[in-house]
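Residue numbers 5 to 544, in our numbering, belong to the letters of the sequence shown in order.
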Amino acid sequence: MAATDNTKNCLLVLEHDAKAVLGSTACLNQQEYIVRQCGVSINQVRSAFRQYPHSVLLANTDCDTTVALLDELAVCPESSRLPVICCCEELNDNAFTRVKKIQPFAWLPLSSPAQMFECTVGSACSYSRVDARHERAIEKYKLIAQNIPESVVMLDEAWRVDFANEHLGQLVEYSDPLEGLHINNLLDAETLMRLQAVCRTLSANSKQNFQGYVVTLQEEMIPVWFSVSKVGASNNLLCVMTNLEENLQAEAALREAEAKYRALYLNAAEGMFRLEETGQIIEANPAFNRIFGFEVLDWSTAPTCHNFSDRFVTADDFINLMDQVQTVGRQSKFNAQLLRRDGTPIWGEISAHWSIDPKNQIPYVEGILSDVTERRCAELDLQRRATRDCLTGVFSRGSFYEKLNNILATARYDSGTFAVLYLDLNDFKNVNDTHGHHSGDIVIKELVERINAQIRDRDVFGRIGGDEFCIVLENVRSACDVDAVVRKIHRVAEAPIRINDENSVSVGLSVGVAMYPEDGETPEVLLQRADQAMYLEKRS
């Protein structure tokens, strides 16, 4: 029931006035109005008003106690929202002067006709409802103003602060309320003049913006962006101020960061680039151009006019790079051979990632290119040294054995055949002793070059020891084919070898042969049989 009653229009009657005024309430429609008596104290009246927000107070001003209560009610916050109808026996100057502090909604003689009484009460209740909605609207807008990040101030016609949110107080470092303060206490002189100029051209419900400064309690000037508008047809002003200090600091920091990035971009040792999906170069820094041998300042001929894919020795390398970037989103330390402007091959290491331009949502690839030619050549040289004999360039002992094992595994799987040749130089010790080790090295290198010319590229040639070598002849059809190769090796080995301008030497070779699978089915057995055959030939 209470939930229904407090939505109705309520007529509040003081208990000691009930006898005098309740007779006048008999005309009210009980479906629209309720009548409630309340005690004769300010707290009881306020409590009743909170319980019934759509209330009207009916007061008998012929009673001194009632008049005293009205004077007390005049200084309460609720007084502006609680309509008061003053009733008395006779309406005259004496009656009006008794009520000095409160402003009644209406005056009625106690003997007023029912129709007049009902009309007056109805008007007061309507006013109460409208006023309540107005108060709620004000509270709502104040709540909004307090919770927006900008500083908000409402100025009256005298340009004094009628309302200011907490953000403005914090901005100007005032701990006391700003209400009543003249706006010239918060603005510097130039900003105040600009505000005055804006207001002279400001029409109702229009808005103008400008940049100015507010002045804090410590006289510090803070840049703000003003948005000024008139409130309805009045001369009241609404000013919304956005603090630009943080924005300006952020912009300065951004400009500094951009300058640092630009300096890094222009002076970096690594090439930096941006590509379209097709590989077309959108942008490249000077280091990128230098890597490819283009003039840094000659932008008309720089690689920014070309497609990055044109710089790759192997087209598949560029395709693999772009596939990896588009599929995974990035690719780190991708190594590929690239071509300089003059056609010289270099090794490049590329790290790239996929990105999207925030302005036009167009995808692109951004990356860094390093010239790793020296490092790559050093790695390849180290790899070659690990697998090749330093003097002759043929496979080292360990690499030869590895190759032999692989060939054996393939032959077993394919039922293939191959031959192992074991070679040993004759009288090589005499060359070293007579002409020195340098001459011996010349002899070995020359012999290896001659023998290499007699075998196929797919055959495996390795140095097993000082003057001992092994060759694997793959996929031989018969022993006759092997004998033909051995005869050619003997012939080139027997030809004289010039070791200096004055001397030449002749050395021969002893060659032993083992066939797979006839002579053995393991590397160890095959090498042993070939070695034995070589010694038989040497002794003969």
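For every residue, glycine included, the Cβ atom is placed at its ideal position computed from N, Cα and C.
Val398 sits close to Gly466, with the two beta carbons spaced by under 7 Å. When secondary structure is reduced to three states using DSSP, Phe399 falls in the strand class.
Note that the C-beta distance between Leu95 and Leu61 is not below 7 Å. Fully enclosed alpha helix (DSSP H) runs of no fewer than 4 residues occupy 432-439, 441-456 of the segment 416-487, in order along the chain. Bounds of the beta strand (DSSP E) holding His357 are 349-360. The beta-bridge partner set that DSSP reports for Ala537 is empty.
DSSP lists Ile354 as the bridge partner or partners of Phe338. Ranked by Cα distance from Arg416, the first of Val157, Ser443, Tyr520 is Tyr520. Comparing C-alpha distances from Glu281 to each of Ala267, Ser400, Ile360 shows the shortest one belongs to Ile360. Uninterrupted alpha helix (DSSP H) stretches at least 4 residues long and entirely within the segment 372-397 occur at 377-391, given in chain order. In the three-state reduction of the DSSP assignment, Asn13 falls in the strand class. Secondary structure of Ala78 (DSSP, three-state): coil. By the Cβ test, the segment 524-540 is not in contact with the segment 493-509, since fewer than three Cβ pairs between them sit closer than 8 Å. Collapsing the DSSP output to three states places Arg495 in a helix. When the five nearest sequence neighbours on each side are left out, the beta carbons in the same chain lying within less than 8 Å of the beta carbon of Trp351 are those of Asn339, Ala340, Gln341, Leu342, Asp375, Val376, Thr377, Arg379, Arg380, Cys381, in order along the chain.
Going by DSSP, Ala193 is part of the alpha helix (DSSP H) stretching over 193-204. Residue pairing from DSSP leaves Cys123 without any beta-bridge partner. A distance below 7 Å between beta-carbons, with the five flanking residues on each side excluded, links Leu242 to the following residues of its chain, in chain order: Met158, Ser233, Val235.
Nearest to Glu406 by C-alpha distance, out of Ala128, Leu16, Val476, is Val476. Remark: C-beta atoms of Phe109 and Val88 approach each other more closely than 7 Å. Taking the Cβ atoms as the reference, Ala272 lies roughly 6 Å from Asn289, within the contact range of under 8 Å.
Looking at the backbone, the Cα of Val165 and that of Glu154 are separated by about 16 Å. For Thr101, the uninterrupted alpha helix (DSSP H) run begins and ends at 97-102, by DSSP. Per DSSP, the unbroken alpha helix (DSSP H) holding Gln253 starts and ends at 249-271. Excluding residues up to 5 positions away in sequence, Val157, Leu182 lie with their Cβ nearer than 6 Å to the Cβ of Ala168 in the same chain. With fewer than 16 neighbouring CB atoms inside 10 Å of its own CB, Ala263 falls in the exposed class. Of the other Cβ atoms in all chains shown, 16 or more fall within 10 Å of the Cβ of Val176; this residue is therefore buried. Within the same chain, and ignoring the five residues on either side of Pro113 in sequence, the residues whose Cβ sits closer than 8 Å to its Cβ are Cys91, Cys92, Glu93, Glu94, Leu95. Counting along the chain, Ala24 sits inside the alpha helix (DSSP H) bounded by residues 22-25.
For Val219, the enclosing beta strand (DSSP E) has its first and last residue at 211-219. When the Cα atoms are used, Gly444 and Asn409 turn out to be separated by approximately 31 Å. For Pro290, the enclosing alpha helix (DSSP H) starts and ends at 290-295. Phe298 carries a coil assignment under DSSP once its states are collapsed to helix, strand and coil. A distance below 7 Å separates the beta carbons of Ala534 and Val424. Taking a C-beta distance under 7 Å as the contact criterion, Asn64 and Asp21 qualify as a contact pair.
For Ser51, the three-state secondary structure derived from DSSP is helix.
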